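What follows is a short report on a single structure.
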């Protein structure tokens, strides 16, 4: 009780996302984020040299969270990712250090404003509504977290476009960037009913509505709990045919 915690993440997803913000929990068969707590670390220490120990699939998965931060918060970071994707995949030291630090700072700023996810922190869930559904529907065995988030971001962008919030140009820009980092933008052979059930269990409000994080543009997240179910189902079906 009260033991100081120092996080020393050695994965990219840890450095830019999971080690920052104090969330601790377990994956439950019914869904993610159903059981957990908040316990803030005193320090998060990241050494990008440890990234060279990762399998390529693990490294690629982590870039999804960096792309997420760029899409919701930082047009400059998005441009940097587009221009330097090959150097980042090769872990070139200067650009990797810059991008990891910039992405981690975005997460840190958001969670410092809203530790318990009662307000702005929810924007960090961009792509995660569908992602958590995919992960739970496949018993957390098929997808790495970033792979599911990449597919979920495509779904969120497509929903945003269908609701008239986001231009097709931005949807295509996001898709091109995800593919540049060898991240999936769709999948097949997943039971849509299991996805929907897990999604609807995930972080519901008192009115049992799904909170969607959508986009009105790069760096312009929008929170909506009135997305018509048929729109979400249509988009997920399209993702499952990709």
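Numbering (this note's numbering), first residue to last: -6 to 235. Every residue gets a Cβ at the ideal spot worked out from N, C-alpha and C, and that includes glycine. Computed from a prediction, not measured in an experiment: that's the story for all the values here.
Contact set for residue 175: own chain, Cβ-Cβ below 6 Å, skip 5 residues either direction = 53
Sheet register partners of residue 205 (DSSP bridge) | 217
Can you tell me which of the three DSSP states residue 234 falls into?
-> coil
Quick one: using the 10 Å Cβ neighbour count with 16 as the cut-off for buried, is residue 30 buried or exposed?
-> exposed
Which residue's Cα is closest to the Cα of residue 136: 215, 180, 91 and 64?
-> 180
Would you call the CB atoms of residue 55 and residue 4 closer than 8 Å?
-> yes
8 Å Cβ cutoff met for residue 168 and residue 64 | no
Integer-rounded CB distance, given that residue 149 should sit under 8 Å from residue 120 | 5 Å
Host beta strand (DSSP E) of residue 115 (start-end) = Neither: residue 115 is in no beta strand (DSSP E) and is coded neither H nor E.
Compute the beta-carbon to beta-carbon distance between residue 19 and residue 93, rounded to the nearest angstrom, for a pair I have assumed lies under 8 Å.
-> Rounded, the Cβ-Cβ distance is 27 Å, inconsistent with contact.
8 Å Cβ cutoff met for residue 13 and residue 100 = yes
Spatial neighbours of residue 155 within its chain, please: CB distance less than 6 Å, with the 5 preceding and 5 following residues excluded, ordered by chain position.
-> 224
Run of the beta strand (DSSP E) containing residue 145, from where it starts to where it stops = No beta strand (DSSP E) contains residue 145, which is instead part of the alpha helix (DSSP H) from 138 to 155.
Could you check the C-alpha separation between residue 198 and residue 85 for me, to the nearest Å?
-> Its pLDDT being 48, under 50, residue 198 is placed unreliably by the model, and the measurement read from it follows with that caveat. One C-alpha to the other measures close to 43 Å.
Environment of residue 125 [buried if 16+ CB atoms lie within 10 Å] = buried
Would DSSP call residue 179 helix, strand or coil?
-> coil
Local conformation of residue 100 per DSSP, three classes = helix
Own chain partners of residue 70 with C-beta closer than 8 Å, once the 5 adjacent residues on each side are dropped | 59, 62, 63, 92, 95, 96 and 99
Residues that residue 36 bridges to, as DSSP identifies them = -1
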